[in-house]
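Shown next, in structure tokens, is the structure this report addresses.
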Amino acid sequence: MAGDGERASRVSSGEAFHGDGTRNHQAILAESLAANQDPVSPAPSQPASMASPEAQKTGAAPAEENQVGTGAEKMGAPAPPYQKSWLARHFSLLRRDRQAQKAGQLFSGLLALNVVFLGGAFICSMIFNNVAVTLGDVWILLAALKALSLLWLLYYATCTTRHTHAMLFRDPHAGSIWVRGSLVLFGSCAVCLNVFRVGYDVSHIHCKSQLELIFPVIEIVFIGAQTWVLWKHCKDCVQVQTNFTRCGLMLTLATNLLLWVLAVTNDSMHREIKAELSALVENFSGNDTNTCVCLNATVCEVFQKGYLMLYPFSTEYCLICCAVLFVMWKNVGRRLAPHAGAHPGTPPFHLHGAIFGPLLGLLALVAGVCVFVLFQIEASGLAIARQYFILYYAFYVAVLPAMSLACLAGTAIHGLEERELDTLKNPTRSLDVVLLMGAALGQMGIAYFSIVAIVATRPHELLNRLILAYSLLIILQHIAQNLFIIEGLHRRPLWETAGKQEAELPRRGSLLELGQDLRRASLAYIRSYSHLNWKRRALKEICLFLILCNLTLWMMPAFGIHPEFENGLEKDFYGYRTWFTIVNFGLPLGVFYRMHSVGGLVEVYLEA
């Protein structure tokens, strides 16, 4: 008992401190246990004077270890280190993996940014100082970038994807059939464009350098390999060599972006064709010129027409490749949940009794084809008559208000729906929304430039008033259609609602209750389905009408001569080179917008 009092006095007087002033928690625990012993218990066989120095020197560690029942630690061994739980270790690994992923994305993004800045500096120098930096210098730089990208594409397809654990996951939302179909279609057109370019250069080989034939050939090989790899691996979520894969994807994306910038700003081929036509007229009138003229005029005309017709498809192909490569870059190292596959209950594409939407859409399609054929026949001559421009823009002025009203009606029906909003994170859907809004800037930009040119010059003529109305309506239609598609993409599909109701049923008790609940849920779902039937049918009619109209408006600027460049109003107002850059920047984005809108409208139609 005397020893107990001595220990208590030492604790109260602060002797259970180390030399540095820190409290020994083991000493405190042991002495408190000794102080709380039963007073009736017998005293230890050893005197208290022998126990108290032990408690001072070792901090009464043996008393604590006796509670655990280990005899080997009575010599004052240190306590075992703190062990993290499995959950803590798991989240620590996840945190480190997320930090490594962000670091890899940052480094690859900086790589792409530097490549784009370097190529942009070359292209701007070519535009503003054609003597110091020529088009040939830009082609050499792009050829080097295409060669590096081609080597990485081949390595990715033959080595990276063949690792054992490389393809554990695939993104079901990435690489839809319309995206891959567009990739193949525009890639084929880009290959044909370079074939026409090679044919044109061969027909002028007597006055051109043979080295110019190398660059189109390199681009043909690059486009073919890139299209094959993106078609096959656009859904990949690579789990090995992640940093190298990110850098390769960003290098290829930067190369395609520079090809698009060069196609938008470089009008050398167009000026060369125009100069050759002027030289032919001069030679026919008896005046000799120094311009390089083709020896076979008929063959050269085929190459020229083919090149001018397919030129927008090259820029379109670069944009689609950039979008697919960005999705692949986001999916590198991504781990999907086991149930994150495609919805097994996704319905196939059926008309479901829709009548008015397809009929009105087919009417717009037939009218658009007729106007397009008439305009292209007239454009094959030396000059386009004014009435054909009036016919072309009058068709747009008739179709665009109907499309805008349909989009506004569909947005109002979305507001009346009882389907829940899908708030889950979906990178593919987020990219679809960004691409939809970004691609709309192409036609809207051209429209705003046209409005300024018309208002500042001659707004009272019939053709100019039609162009002004067309420009205003194209802006309104893009805004209304974006609202309708984005609202539809963020609605939860009906089959997910039904699956959610069915998933809640097995929580019931007996089999009889399960059958009754299944019957009640089925009847409730049928009543809900019938209640929403008119809304769903209206949405399907609107979607089918808009799909056919967007296909029509995709076909007209994608093929043939472009009235925006040929009417002469904006070209005279802004100048040839400025308006050439504006049109070549906006038209490919406009074509991409129509195709992307068709894909979004098909998704809204299936989920309605």
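Counting from 1, position 543 in the sequence shown corresponds to residue 1551 in our numbering; the numbering is continuous, with no gaps.
Every residue, glycine too, gets a C-beta built ideally from N, C-alpha and C.
Please read all numbers here as calculations on a predicted model, not as lab measurements.
Close Cβ partners of Ile-1555 (< 8 Å) along its chain, the five nearest in sequence each way excluded = On the sequence shown, position 547 is the one that residue 1555 refers to. By the criterion of a C-beta distance shorter than 8 Å, Ile-1555 is surrounded in its chain by Gly-1369, Val-1606, Leu-1609, Val-1610 and Tyr-1613, once the five residues flanking it on both sides are discounted.
Please list, in chain order, all residues of the same chain as Ser-1116 whose beta carbon is under 8 Å from its beta carbon, the five residues on each side excluded.
-> As a first step, residue 1116 must be located in the sequence shown, where it is residue number 108. Excluding sequence neighbours, Ser-1116 sits near Asn-1251, Arg-1254, Cys-1255, Leu-1257, Met-1258 and Trp-1337.
With 16 as the cutoff for other CB atoms within 10 Å, does Gln-1234 come out buried or exposed?
-> By one-based count along the sequence shown, residue 1234 stands at place 226. Buried, since its Cβ has 16 or more Cβ neighbours within 10 Å.
Residues in its own chain within less than 7 Å of Ala-1174 by CB, not counting five upstream and five downstream?
-> Indexing the sequence shown from 1 puts residue 1174 at position 166. So the qualifying residues of the chain are Thr-1168, Val-1246, Gln-1247 and Val-1248.
Per DSSP, the bridge partner or partners of Asp-1209 = Locating residue 1209 in the sequence shown gives position 201, counting from the first residue. In DSSP, Asp-1209 forms no bridge with anything.
Is it the case that the Cβ atoms of Ala-1488 and Leu-1416 are separated by a distance below 9 Å?
-> As a first step, residue 1488 is located in the sequence shown; it is residue number 480 there, counting from the start. As a first step, residue 1416 is located in the sequence shown; it is residue number 408 there, counting from the start. With a cutoff of 9 Å on beta-carbon distance, Ala-1488 and Leu-1416 are scored as near each other.
When the distance is taken between beta carbons, is Ala-1271 closer than 9 Å to Val-1124?
-> Residue numbering aside, residue 1124 sits at position 116 when the sequence shown is read from its first letter. Residue numbering aside, residue 1271 sits at position 263 when the sequence shown is read from its first letter. At the C-beta level, Val-1124 and Ala-1271 stay beyond 9 Å of one another.
Please name the residue in Val-1269, Leu-1162 and Gly-1594 whose C-alpha comes closest to that of Ala-1447.
-> For the purposes of this step, residue 1447 is taken as residue 439 along the sequence shown, with counting starting at 1. It is Gly-1594.
Decide if Ala-1438 is buried, meaning its Cβ has at least 16 other Cβ atoms within 10 Å, or exposed.
-> Position 430 of the sequence shown, counted from the first residue, corresponds to residue 1438. Note that residue 1438 is Ser in the sequence shown, not Ala. Of the residues assessed, Ser-1438 falls on the exposed side of the cut-off, its CB having fewer than 16 other CB atoms within 10 angstroms.
Going by DSSP, name the residue or residues bridged to Phe-1177.
-> Within the sequence shown, numbered from 1, the residue matching residue 1177 stands at position 169. Bridge pairing for Phe-1177: Cys-1245 [DSSP].
Find out if the Cβ-Cβ distance for the pair Ala-1211, Phe-1364 is shorter than 9 Å.
-> Here residue 1211 refers to the residue found at position 203 when the sequence shown is read from its first residue. Here residue 1364 refers to the residue found at position 356 when the sequence shown is read from its first residue. Rather than Ala, the amino acid found at residue 1211 in this sequence is Ser. The answer is no: Cβ separation not under 9 Å.
Any idea if His-1422 is buried or exposed, counting beta-carbon neighbours within 10 angstroms, 16 or more meaning buried?
-> For the purposes of this step, residue 1422 is taken as residue 414 along the sequence shown, with counting starting at 1. Label assigned to His-1422: buried.
Give me the Cα-Cα distance between Leu-1484 and Leu-1491, rounded to the nearest whole angstrom.
-> The residue labelled residue 1484 in the question sits at position 476 within the sequence shown. The residue labelled residue 1491 in the question sits at position 483 within the sequence shown. So the alpha carbons of these two residues sit roughly 11 Å apart.
Outcome for Glu-1615 when other beta-carbon atoms lying within 10 angstroms are tallied against a minimum of 16 = Along the sequence shown, read from residue 1 onward, the residue named residue 1615 stands at position 607. By the neighbour-count rule (16 or more Cβ atoms within 10 Å), Glu-1615 is buried.
Do the region 1311 to 1324 and the region 1576 to 1591 meet, that is, are 3 or more Cβ pairs less than 8 Å apart?
-> No: the two stretches stay apart, fewer than three of their Cβ pairs being nearer than 8 Å.
Check Asn-1558 in the structure and name its three-state DSSP category.
-> The sequence position of residue 1558 within the sequence shown is 550, counting from 1. Helix.
Using a Cβ-Cβ cut-off of 6 Å (strictly less than) and excluding sequence neighbours within five positions of Gly-1314, which residues of its own chain qualify?
-> Here residue 1314 is taken as the residue at index 306 of the sequence shown, counted from 1. Hits under 6 Å: Phe-1204.
Taking Arg-1188 and Trp-1239 to be in contact with their CB atoms under 8 Å, please state how far apart those CB atoms are, rounded to whole angstroms.
-> Position 180 of the sequence shown, counted from the first residue, corresponds to residue 1188. Position 231 of the sequence shown, counted from the first residue, corresponds to residue 1239. Indeed, because the Cβ distance is near 5 Å, the residues count as touching under 8 Å.
Hey, would you say Gly-1112 sits closer than 9 Å to Val-1340, going by beta carbons?
-> For the purposes of this step, residue 1112 is taken as residue 104 along the sequence shown, with counting starting at 1. For the purposes of this step, residue 1340 is taken as residue 332 along the sequence shown, with counting starting at 1. Yes; because the gap between Cβ atoms is below 9 Å, this pair is in contact.
Just reading off the alpha helix (DSSP H) that Val-1340 is part of, what are its end residues?
-> The count along the sequence shown starts at 1 and reaches residue 1340 at position 332. First-last for Val-1340: undefined, no H or E at that position.
Minimum C-alpha distance to Val-1146 - residue among Thr-1172, Glu-1220 and Tyr-1163 = As a first step, residue 1146 must be located in the sequence shown, where it is residue number 138. The shortest C-alpha to C-alpha distance from Val-1146 to any of Thr-1172, Glu-1220 and Tyr-1163 is the one to Glu-1220.
Compute the distance between the beta-carbons of Leu-1481 and Ser-1458, then report whether it is under 9 Å.
-> Here residue 1481 corresponds to residue number 473 of the sequence shown, with the count starting at 1. Here residue 1458 corresponds to residue number 450 of the sequence shown, with the count starting at 1. Taking 9 Å as the Cβ cut-off, Leu-1481 and Ser-1458 do not qualify as a contacting pair.
Figure out for me which residue from His-1570, Glu-1469, Gly-1450 and Trp-1236 has the closest Cα to the Cα of Ile-1385.
-> Walking along the sequence shown from the start, residue 1385 turns up at place 377. Of the listed residues, the one whose Cα sits closest to Ile-1385 is His-1570.
Go to Phe-1380, then tell me how far its alpha helix (DSSP H) extends in each direction, as first and last residue.
-> The residue you call residue 1380 lines up with position 372 of the sequence shown. First-last of the alpha helix (DSSP H) with Phe-1380: 1364 to 1387.
What's the call for Ile-1222, buried or exposed, on a 16-neighbour Cβ count within 10 Å?
-> Residue mapping note: residue 1222 aligns to position 214 of the sequence shown, counting from 1. A residue is called buried when at least 16 other Cβ atoms come within 10 angstroms of its Cβ; Ile-1222 does not meet this threshold and is exposed.
Indicate the three-state DSSP secondary structure (helix, strand or coil) for Leu-1005 in the structure shown.
-> Here the chain comprises residues numbered 1009 to 1616, so residue 1005 is not present and cannot be evaluated.
Please report the residue range of the alpha helix (DSSP H) in which Pro-1571 lies.
-> Locating residue 1571 in the sequence shown gives position 563, where the first residue counts as 1. Residues 1571 to 1574.
With DSSP run on the structure shown, which of helix, strand or coil describes Ile-987?
-> This structure leaves residue 987 out entirely; the chain is present only between 1009 and 1616.
Could you give the distance in angstroms between the alpha-carbon of Asn-1274 and the alpha-carbon of Val-1441?
-> On the sequence shown, residue 1274 is found 266 positions in, with the first residue counted as 1. On the sequence shown, residue 1441 is found 433 positions in, with the first residue counted as 1. So the alpha carbons of these two residues sit roughly 30 Å apart.
Straight-line Cα distance separating Val-1379 from Phe-1547 = Mapped onto the sequence shown, residue 1547 falls at position 539. Mapped onto the sequence shown, residue 1379 falls at position 371. Note that residue 1547 is Leu in the sequence shown, not Phe. A direct Cα-to-Cα measurement between Leu-1547 and Val-1379 gives close to 29 Å.
Three-state secondary structure (DSSP) at Asn-1304?
-> Indexing the sequence shown from 1 puts residue 1304 at position 296. Per DSSP, reduced to three states, the secondary structure at Asn-1304 is coil, with no helix or strand assignment.
Does DSSP classify Cys-1326 as helix, strand or coil?
-> Taking the first residue of the sequence shown as 1, we reach residue 1326 at position 318. Of the three classes helix, strand and coil, the one that applies to Cys-1326 here is helix, per DSSP.
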